[in-house]
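Each protein sequence line maps, in turn, to chains X and A.
Every letter in the first sequence is one number past the one before it in full-length UniProt numbering, and letter 141, counting from 1, is 141.
Every letter in the second sequence is one number past the one before it in full-length UniProt numbering, and letter 314, counting from 1, is 314.
Glycine included, each C-beta is placed from N, C-alpha and C at the ideal position.
The structure under discussion appears below in the form of structure tokens.
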Amino acid sequence: MLRMTRRTRRRGWQSTFSGLTGLGLIAPFLVAAGVFIVYPFVELLRTAFGEPNGFGNVGDFFQSPAARRTLWTTCLTSLIVTVIVVAAGAVLAWSLRTTKSRLTRMVIALAVFMPLWMGAVMKIYVFTVLLERFGVVNRTLTSLGVIDEPMQLLRTQFAVVAGMTYQMLPYAVLPLYAVYVTIDLNLIQAAESMGASRVRALRDVVAPLALPGLLASTVIVYVICVGYYLTPVLLGGATAPFTASLIADDIFNLFEPAQAAVASVLLLVVAGLVILGGLRLVGRERLRRALG
Amino acid sequence: MNVRARKEPRQEAEAEPRPAPDAPAESAAGLELRGLVKRFGGTEALRGIDLVAEHGNFVTVLGPSGSGKTTILRVVAGFLAPDQGEVLIDGRDVTRMPPAAREIGMVFQNYALFPHMTAADNIAYGLKMRRFPKADRDRRVAEMLELVGLGELGGRLPRELSGGQQQRVAVARALAFRPQLLLMDEPLGALDRELRMRMAVELRRLHKEAGATTVYVTHDREEALTLSDWIVIMHDGRIDAVGTAEELYTRPRNAFVASFFGGHNVAEATLDGLDGDRARVGFAGCDMEVLCGQPLEPSAGRVGLSIPEEALSLTPSGPAPARLELHVLDDLYLGNGVRVTLRTGEGVTLRATLSRDARESIRHGGTLTAYLDTTQVAAVPHER
Numbered sequence: 001m002l003r004m005t006r007r008t009r010r011r012g013w014q015s016t017f018s019g020l021t022g023l024g025l026i027a028p029f030l031v032a033a034g035v036f037i038v039y040p041f042v043e044l045l046r047t048a049f050g051e052p053n054g055f056g057n058v059g060d061f062f063q064s065p066a067a068r069r070t071l072w073t074t075c076l077t078s079l080i081v082t083v084i085v086v087a088a089g090a091v092l093a094w095s096l097r098t099t100k101s102r103l104t105r106m107v108i109a110l111a112v113f114m115p116l117w118m119g120a121v122m123k124i125y126v127f128t129v130l131l132e133r134f135g136v137v138n139r140t141l142t143s144l145g146v147i148d149e150p151m152q153l154l155r156t157q158f159a160v161v162a163g164m165t166y167q168m169l170p171y172a173v174l175p176l177y178a179v180y181v182t183i184d185l186n187l188i189q190a191a192e193s194m195g196a197s198r199v200r201a202l203r204d205v206v207a208p209l210a211l212p213g214l215l216a217s218t219v220i221v222y223v224i225c226v227g228y229y230l231t232p233v234l235l236g237g238a239t240a241p242f243t244a245s246l247i248a249d250d251i252f253n254l255f256e257p258a259q260a261a262v263a264s265v266l267l268l269v270v271a272g273l274v275i276l277g278g279l280r281l282v283g284r285e286r287l288r289r290a291l292g
Numbered sequence: 001m002n003v004r005a006r007k008e009p010r011q012e013a014e015a016e017p018r019p020a021p022d023a024p025a026e027s028a029a030g031l032e033l034r035g036l037v038k039r040f041g042g043t044e045a046l047r048g049i050d051l052v053a054e055h056g057n058f059v060t061v062l063g064p065s066g067s068g069k070t071t072i073l074r075v076v077a078g079f080l081a082p083d084q085g086e087v088l089i090d091g092r093d094v095t096r097m098p099p100a101a102r103e104i105g106m107v108f109q110n111y112a113l114f115p116h117m118t119a120a121d122n123i124a125y126g127l128k129m130r131r132f133p134k135a136d137r138d139r140r141v142a143e144m145l146e147l148v149g150l151g152e153l154g155g156r157l158p159r160e161l162s163g164g165q166q167q168r169v170a171v172a173r174a175l176a177f178r179p180q181l182l183l184m185d186e187p188l189g190a191l192d193r194e195l196r197m198r199m200a201v202e203l204r205r206l207h208k209e210a211g212a213t214t215v216y217v218t219h220d221r222e223e224a225l226t227l228s229d230w231i232v233i234m235h236d237g238r239i240d241a242v243g244t245a246e247e248l249y250t251r252p253r254n255a256f257v258a259s260f261f262g263g264h265n266v267a268e269a270t271l272d273g274l275d276g277d278r279a280r281v282g283f284a285g286c287d288m289e290v291l292c293g294q295p296l297e298p299s300a301g302r303v304g305l306s307i308p309e310e311a312l313s314l315t316p317s318g319p320a321p322a323r324l325e326l327h328v329l330d331d332l333y334l335g336n337g338v339r340v341t342l343r344t345g346e347g348v349t350l351r352a353t354l355s356r357d358a359r360e361s362i363r364h365g366g367t368l369t370a371y372l373d374t375t376q377v378a379a380v381p382h383e384r
């Protein structure tokens, strides 16, 4: 005979929480979000549009040619970095996805993820060693006879772009790899068996399926780039003044909290616009899937 | 490229042995493989494959996993390059050609439908690659949808279709551009049993209508039986046997074909003499005369016997039944019969399916008298 044991419960089992229990469970998060996100943000807006001129603070910001230049440099440099990073990341992630050689996989993975394990100062120091007047790059080029005397590499916009590209690569490779993994490689063979060349198969099959991932990584990389501070300061110096360093100056040297706050809000607006643009292009649903 | 001009007489001679009724008389074989060898690292996945399939034939490659059957398909499709050997499609050497140039249709195990295209766009893809004008393309797509019974569903995305419907789209897609060769890699593997059998019949019909040479890879012998003109049995990177389903079932060449394809018992027996393609053997205390699966060595001494499960019965049948006294090790009631595991006096274990009243025939002490229809038994080389 089969015997069934039955345990009685005071209330019946439910597969979902009641609203109140749910609220209780997310309460810690709500408190943390309130304290660490909402409050500082409100405070930032109050500072930006408070003394001395209220909303006129924004006008003051754009009055200054130096300030306008930082905003322009920030947006342009970030754009260049984003294009390079996403293009390189798309290829690297695809290699990582398709290679059968364990060695290749290890080398790519190590090269891409190494920057994530190192501190920012360390990464920048590496580039200083590479790019300084008598650094690795200049010495190699002079000894090869490509150039006669060392070039100015450090404290140029090139140095900033190179350093940022290196640091941003993992942020493009990871989301792209995550999307690529969902693409069945048999699809390429199916396309080829029907008469498509490899390039055509990649264009017709992989590209459309990877598009949400491409746009997602573009957005992620650009938004992070816009806030860069240390790399432009240390590798670019005065040649590539980022808005972030302007903010630091305003706070620590010039003691103008209102201007710092306005600049911060402007950076937020740029990031927000990029995210909105990305959402419009991909569609909310697909972006959410691409981000996991 | 002019195929006829390049054709050498030798090829015709090789293509000769199995003429298909509807193949053009002078054409080369639909698919010919010559001495294919493929190594992966140190292991040989294919150890010299030679095969000729007539144009329009349906050939099933059957083998256990790891036997190299999928590797053959991938080499023919052009996704893998062989280390040695050649692949000829309708007399055309395609060994060094990319997949796109081979004019093959392929159905993948998981269908590999393009998830971002509708069923109709999936089917149209091969036509698009061949630059068919839009009107022709649309007409052909409608025709293919009709052929596979999906007339109204062309606008759906693959994920909006059931497994069986996706399967049909995959077949339609592979056949739309009228390839000379259709390759199928366990296409029914993902379907449930009932649907699988229905689709097998369907595939058979589509094959007849399309007329393309078809190579179908599977590990399921029921599918192989339902579908094929010819069955190729793969074992360990080699072709073990080629034949019709009936030949392979009633007259297996060796023990592997008998057990893997037929599901037969293979038991050891003494070889007492040979007479043409018949052998006199001694098994379980009986002398009997049986067919040889292949010419045997007269001095072998011992042979294997391929004994189908249905060759044993409770009542004598066939012209020369052999009476066996057997121990019953296990009996399993199946409804329409009883599946028993039996042991001879010499300790050889046999599986058999007996009629429903077999249980009453089991005597005290677990013995049973059964009759072996020796016409169903075949002698194969003895393997240790």
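Residues of the region 97-108 of chain X that bring their beta carbon within less than 7 Å of a beta carbon in chain A are absent altogether. Look at residue 110 of chain X here: in three-state DSSP terms it is helix. In this model, residue 262 of chain X and residue 151 of chain X are separated by some 38 Å (Cα to Cα). Boundaries for residue 138 of chain A: no beta strand (DSSP E) harbours it, while the alpha helix (DSSP H) harbouring it runs 134-147, taken from the DSSP string. Residue contact check for residue 184 of chain A against chain X: no CB pair falls below 8 Å.
Using a CB distance cut-off of 8 Å, residue 186 of chain X counts as an interface residue toward chain A. Using beta-carbon distances, residue 125 of chain A counts as an interface residue toward chain X, with a partner under 8 Å. A contact is defined here as three or more CB-CB pairs under 8 Å, and the region 87-94 of chain X meets this definition with respect to the region 170-177 of chain X. The Cβ of residue 212 of chain X sits no closer than 8 Å to any Cβ of chain A. The alpha helix (DSSP H) runs lying completely inside the region 175-253 of chain A and spanning 4 residues or more are 193-210, 221-227, 245-250, given in chain order.
Closest option to residue 125 of chain X, judged by alpha-carbon separation, among X:217, X:59, X:30, X:160: X:160.
At a cut-off of 8 Å between beta carbons, residue 205 of chain X contacts chain A. Excluding the 5 residues flanking it on each side, residue 219 of chain A has same chain C-beta neighbours closer than 8 Å at 62, 63, 64, 65, 69, 186, in chain order. Take residue 145 of chain A, set aside five residues on each side of it, and the residues of its chain with a beta-carbon closer than 6 Å to its own are 151, 154, in chain order. With fewer than 16 other beta carbons inside 10 angstroms of its own, residue 72 of chain X counts as exposed. Taking 4 residues as the minimum length, the alpha helix (DSSP H) runs contained wholly in the region 87-172 of chain X are 102-117, 120-131, 136-143, in order along the chain. Taking 8 Å as the threshold, the shortest C-beta distance from residue 104 of chain A to chain X falls below it.
For residue 212 of chain X, the uninterrupted alpha helix (DSSP H) run begins and ends at 207-226, by DSSP. With a cutoff of 8 Å on beta-carbon distance, residue 82 of chain X and residue 218 of chain X are scored as near each other. Taking a beta-carbon distance threshold of 8 Å, residue 167 of chain X does not count as an interface residue toward chain A.
By the criterion of at least three beta-carbon pairs nearer than 8 Å, the region 209-226 of chain X is not in contact with the region 130-149 of chain X.
Beta-bridge pairing by DSSP links residue 292 of chain A to A:379.
At the C-beta level, residue 30 of chain A and residue 90 of chain A come within 8 Å of one another.
When 7 Å is used as the limit between beta carbons, residue 116 of chain A is near these residues of chain X: 208, 209, in chain order. Nearest to residue 123 of chain X by alpha-carbon distance, out of X:104, X:188, X:230, is X:230. Here residue 60 of chain A is near residue 232 of chain A, since their CB atoms are less than 8 Å apart. The DSSP-derived three-state label of residue 44 of chain A is strand.
Against chain X, the CB of residue 140 of chain A has no partner CB under 8 Å away; the residue lies outside that interface. In this structure the region 72-87 of chain A lies against the region 35-50 of chain A, because at least three pairs of beta carbons, one per stretch, are closer than 8 Å. Residue-level contact by beta carbon fails for residue 216 of chain X and chain A, as no gap is shorter than 8 Å.
Comparing alpha carbon positions, the residue from A:268, A:101, A:330 closest to residue 377 of chain A is A:268. Of all residues in the region 129-151 of chain X, none is placed with a Cβ closer than 7 Å to any Cβ belonging to chain A. Judged by DSSP in its simplified three-state form, residue 309 of chain A adopts helix.
Burial is judged here by how many other beta carbons sit within 10 angstroms of a residue's own beta carbon; residue 14 of chain X has fewer than 16 and is exposed.
Along the region 214-237 of chain A, none of the residues has a CB nearer than 8 Å to a CB of chain X. Taking a beta-carbon distance threshold of 8 Å, residue 144 of chain A does not count as an interface residue toward chain X.
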